[in-house]
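With positions in the sequence shown counted from 1, the corresponding number in my numbering is that position plus 224. Remarks on the structure that follows.
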Amino acid sequence: MIHILTKHTPFNPAHQLLEKIALKNFLSSPSVLNALVQTHDDPDVNSHVLSWLVIFYANSKMTQDAIQVLGHMRVRGFKPPLHACTVLLSSLVKDRLTNMVWKVYQNMIKAGMFICTMC
Numbered sequence: 225m226i227h228i229l230t231k232h233t234p235f236n237p238a239h240q241l242l243e244k245i246a247l248k249n250f251l252s253s254p255s256v257l258n259a260l261v262q263t264h265d266d267p268d269v270n271s272h273v274l275s276w277l278v279i280f281y282a283n284s285k286m287t288q289d290a291i292q293v294l295g296h297m298r299v300r301g302f303k304p305p306l307h308a309c310t311v312l313l314s315s316l317v318k319d320r321l322t323n324m325v326w327k328v329y330q331n332m333i334k335a336g337m338f339i340c341t342m343c
């Protein structure tokens, strides 16, 4: 349902449905993430769905879940949107998890993402 809504309607209904599901505390498990990501589907839709999860978890102070979803994106070959990564980095900084900030940042650089350090 989330994929259909993301592909064919404005993002709000899909985004709201995903947030309701994410509150169940099991969404970031690898088996559920694999089921959520449809390999035969549009990769842009999958990237949107997973980036929404990263942002939702980061904003909800569930940084371990956000990191797990980001790692799942990388394993599946999806390049995470810069916005999702900066939200996660910001959340980690606010939580004073400096070592994790650098680890996530280095993984982003390895993935070919450019982040403006002057912003």
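The beta carbon of each residue, even a glycine, is placed where N, CA and C say it ideally should be. For clarity, every value in this text was computed on a predicted model and none was experimentally measured.
First through last residue of the alpha helix (DSSP H) which encompasses residue i
i	result
Asp289	Thr287 to Arg300
Asp319	Segment: none, Asp319 is in no alpha helix (DSSP H) and carries neither H nor E.
Ala282	Pro267 to Asn283
Nearest neighbour of residue i, chosen from the options [CA to CA]
i	options	result
Ser271	Arg300, Lys244, Leu321 and Ile333	Arg300
Asp319	Pro267, Asn283 and Gln330	Asn283
Leu306	Ser275, Asp268 and Val269	Ser275
Status (buried if at least 16 other CB within 10 Å, exposed otherwise) for residue i
i	result
Asn323	exposed
Met342	For Met342, the predicted model reports a pLDDT of 44, less than 50, meaning its position is unreliable and no value from the coordinates is stated.
Ile333	exposed
Gln240	exposed
Pairwise C-alpha distance: residue j and residue i
i	j	result
Leu316	Val325	6 Å
Ile279	Ser314	11 Å
Gln288	Val311	13 Å
Val328	Pro237	30 Å
Lys303	Cys309	10 Å
Arg298	Tyr281	17 Å
Ala335	Gly295	11 Å
Lys244	Met286	15 Å
Gln292	Leu277	10 Å
Pro267	Gln330	24 Å
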